[in-house]
Every structure is written in structure tokens, then in C-alpha cells.
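First residue of the sequence shown: 77, per our numbering; consecutive thereafter.
Ideal placement from N, C-alpha and C gives every residue a C-beta, glycine not left out.
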Amino acid sequence: MIQHKLSLIRDKNTGPKEFRELLEEVAMLMAYEVTRDLPLEDTEVETPIGLAHTKVIAGKKLAVVPILRAGLGMVGGILRLIPAAKVGHIGLYRDPESLAPVEYFCKLPADIEERDIILVDPMLATGGSAVAGVNFLKQRGARSIKLMCLIAAPEGIKALQAAHTDVDIFTAAVDERLNEHAYIVPGLGDAGDRLYGTR
Ligand code: PRP
Ligand code: URA
77 MIQHKLSLIR DKNTGPKEFR ELLEEVAMLM AYEVTRDLPL EDTEVETPIG
127 LAHTKVIAGK KLAVVPILRA GLGMVGGILR LIPAAKVGHI GLYRDPESLA
177 PVEYFCKLPA DIEERDIILV DPMLATGGSA VAGVNFLKQR GARSIKLMCL
227 IAAPEGIKAL QAAHTDVDIF TAAVDERLNE HAYIVPGLGD AGDRLYGTR
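Pasting the structure below:
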């Protein structure tokens with residue numbers, strides 16, 4: 077389902093409404109994979125017929141942290157699966173000349189250092205934004221971070237793995253390369269613009 081929906085998301089004829097819906101759906105499906113290793117503990121519940129010995133998540137606290145703007149497009153889908161997660165926001169944009177990430181906003185849950193964090197951004201291109209996002213989180217005490225993206229370039233994976241060996245990357249696709257403007261080829265274009273119709 078993720079691959080099918082990703083094909084529709086990539087299509088240049090897919091408009092912002094459909095793009096937003098599809099990105100949320102894929103994020104929800106990926107949240108299943110990202111939470112696969114959450115620890116469980118035993119519990120008991122009374123069913124209408126008898127006592128069931130079952131499992132629940134072992135009190136792990138989660139936080140979802142989108143990198144603005146495009147990461148916002150994945151938050152709703154993840155929260156549908158994990159409604160109790162807290163949400164933080166990191167505002168970053170790529171300077172078009174230097175391609176370096178510029179911070180303009182950061183607001184995180186007060187107990188961020190106690191939470192397992194899912195950092196979300198659909199595009200991992202040079203990796204500059206993801207590395208900066210992880211840096212912010214670690215500066216504020218975060219210790220357990222996973223990155224969920226939609227499309228990654230080999231260059232971005234290499235950069236994030238070199239900077240933060242402890243951060244696992246979950247991506248729906250690894251594309252060929254970056255072009256001369258550091259856009260992912262074939263990618264999907266500019267994720268923020270396609271989500272919000274700004275170009
Ligand atoms: C896009 C995308 C990532 C970043 C990836 O954001 O959402 O945050 O580029 O590129 P990188 O791996 O080379 O850093 P952009 O800077 O276009 O900002 P926007 O989401 O506000 O449009
Ligand atoms: N940011 C995007 O939105 N798209 C890319 O291909 C690269 C960075």
C-alpha cells in the first residue's frame with residue numbers, strides 16, 4: 077500500500093488536496109513499522125466470556141516532531157495510530173544558495189528527554205535538515221530518536237548516518253541521487269510547495 081500510494085504522491089499531476097491525503101495515509105502506514113519494536117508488558121482483561129492474558133505497550137512515552145513545513149503533512153497520520161503522542165515542532169528551511177539549514181522555530185514537549193522521538197520530514201536530500209533537527213533534539217536532552225521520511229537520497233542517508241549513528245532511518249524509498257539544485261531525482265519535487273500549493 078505504501079508503494080502504491082507513493083507512486084500517486086510522486087505524480088506531477090497529483091494536486092495539493094490528494095497529495096496531503098496520501099502523505100497522511102502513508103505516514104500512518106509507516107508508523108506501524110516505526111513502532112514495531114516498542115516494548116510490551118503483560119496484562120489481563122475481562123472479555124464478555126472470560127479472562128484474557130494480553131499485552132499493552134509498556135508505558136513508553138512518544139513524541140512526534142515534524143520539521144516544518146513539509147513534516148507537518150505526516151503528523152496527522154501518525155497521530156491517528158498513536159493518539160497519545162505529544163507533538164513538538166522544529167522550523168527549518170534550506171538556504172537556496174548555501175543549502176544550509178536555517179532554524180526559525182523550535183517548540184518541544186517539556187519532558188522531551190524522557191520520550192522516544194519520531195522526527196518526521198518527507199524528504200531526506202542532502203541530509204542537512206535532518207542532521208540539524210537531530211542536533212536540536214539532542215541539545216535539549218533527547219536520547220532516543222528515529223527519523224521517518226518518505227523519500228531519501230543516498231547522499232542524505234550517508235550524511236545522517238555519519239553524524240548520528242544512533243538514529244535509525246525509516247524511508248519508503250531510496251532514490252537515485254540529487255540534482256544540481258540538491259533536489260532528489262526522481263523524487264517528488266518540492267514537498268512543501270506540493271503540500272500547500274505555494275508554487
Ligand atoms: C525540504 C524538506 C526537508 C529539506 C530536505 O524543506 O522538507 O526539510 O528540504 O533537504 P536537505 O536534506 O537537503 O536538508 P525546505 O527547506 O524546502 O523547507 P519547507 O518544508 O519549508 O518548504
Ligand atoms: N526538498 C524537497 O522538498 N524536495 C527535494 O527533492 C529536496 C529537498
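With contacts defined by Cβ atoms closer than 7 Å, residue 153 and residue 189 do not form a contacting pair. About 6 Å separates the beta carbon of residue 207 from that of residue 235, a gap short enough to meet the 8 Å contact definition. In chain order, 133, 136 place their CB closer than 7 Å to the CB of residue 114, counting only its own chain and leaving out the 5 sequence neighbours on each side. Counted as a single uninterrupted DSSP element, the alpha helix (DSSP H) harbouring residue 92 occupies residues 92-110. With 16 or more other CB atoms across the displayed protein chains lying within 10 angstroms of its CB, residue 212 is buried.
Here residue 141 is not near residue 167, since their CB atoms are 7 Å or more apart.
Per DSSP, the unbroken beta strand (DSSP E) holding residue 170 starts and ends at 165-170. Taking all protein chains shown into account, residue 261 has fewer than 16 neighbouring C-beta atoms within 10 Å of its C-beta and is therefore exposed. Each residue's CA atom was taken as its position, placing residue 82 and residue 180 some 29 Å apart. In the displayed model, residue 220 falls within a strand according to three-state DSSP. Per DSSP, reduced to three states, the secondary structure at residue 148 is helical. Taking 6 Å as the cut-off, one finds no heavy atom of the ligand PRP near enough to the beta carbon of residue 209. Taking a cut-off of 8 Å on C-beta distances, the region 111-125 does not touch the region 88-102, as fewer than three cross pairs fall below it.
Rounded to whole angstroms, the separation of the alpha carbons of residue 148 and residue 156 is 14 Å. The alpha-carbon separation between residue 119 and residue 232 amounts to approximately 42 Å. When the Cα atoms are used, residue 228 and residue 201 turn out to be separated by approximately 6 Å.
In the DSSP assignment, residue 131 falls within the beta strand (DSSP E) that extends over 127-133. In the three-state reduction of the DSSP assignment, residue 271 falls in the helix class, which pools H, G and I.
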